[in-house]
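Engineer:
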């Protein structure tokens, strides 16, 4: 899932992005501090059992399962109970966050 933080200048998009991804970005009290997009990866905990394990197994058997990395964010493994990416009844889903301030007029 890709999420774009879009809004008027100087309203806290970069602050929100940094807080969600733990990625250091330029934050200043004037408009258009962010010119180039910032890209980060965050994990979004969802309150559910790992119901995706059957889908993951089918994708892996078909050779369509690719890992998600910060450099190349795409769909991939959502749930792997033995590797720590599933904790109890919480499923961790990778979410890519991109700060696009300054790229959209307005």
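In this note's numbering, the protein residues as written are 2 to 107.
By construction, the Cβ of each residue, glycine as well, lies at the ideal position given by its N, Cα and C atoms.
Applying the 10 Å Cβ sphere with the 16-neighbour rule, what's the burial state of residue 9?
Structural biologist: By the neighbour-count rule (16 or more Cβ atoms within 10 Å), residue 9 is not buried but exposed.
Engineer: Which residues mark the beginning and the end of the alpha helix (DSSP H) in which residue 18 is found?
Structural biologist: Here the alpha helix (DSSP H) through residue 18 covers 14-22.
Engineer: Would you kindly work out how many angstroms separate the C-alpha atoms of residue 12 and residue 60, rounded to a whole number?
Structural biologist: Roughly 41 Å between the two C-alpha positions.
Engineer: Is there at least one Cβ from chain D nearer than 9 Å to residue 33's Cβ?
Structural biologist: Of the chains in the structure shown, none is chain D; there is only one protein chain.
Engineer: If you draw a straight line from the C-alpha of residue 63 to the C-alpha of residue 20, how long is it?
Structural biologist: Computed Cα separation, rounded: 37 Å.
Engineer: Give every residue of the same chain whose Cβ lies closer than 6 Å to the Cβ of residue 83, excluding the five residues on either side of it in the sequence, and list them in chain order.
Structural biologist: Residue placement at residue 83 cannot be trusted, given a pLDDT of 49 that sits under 50; the coordinates are not used to answer.
Engineer: Under DSSP, the beta strand (DSSP E) around residue 4 begins and ends at which residues?
Structural biologist: 3-6 is the extent of the beta strand (DSSP E) around residue 4.
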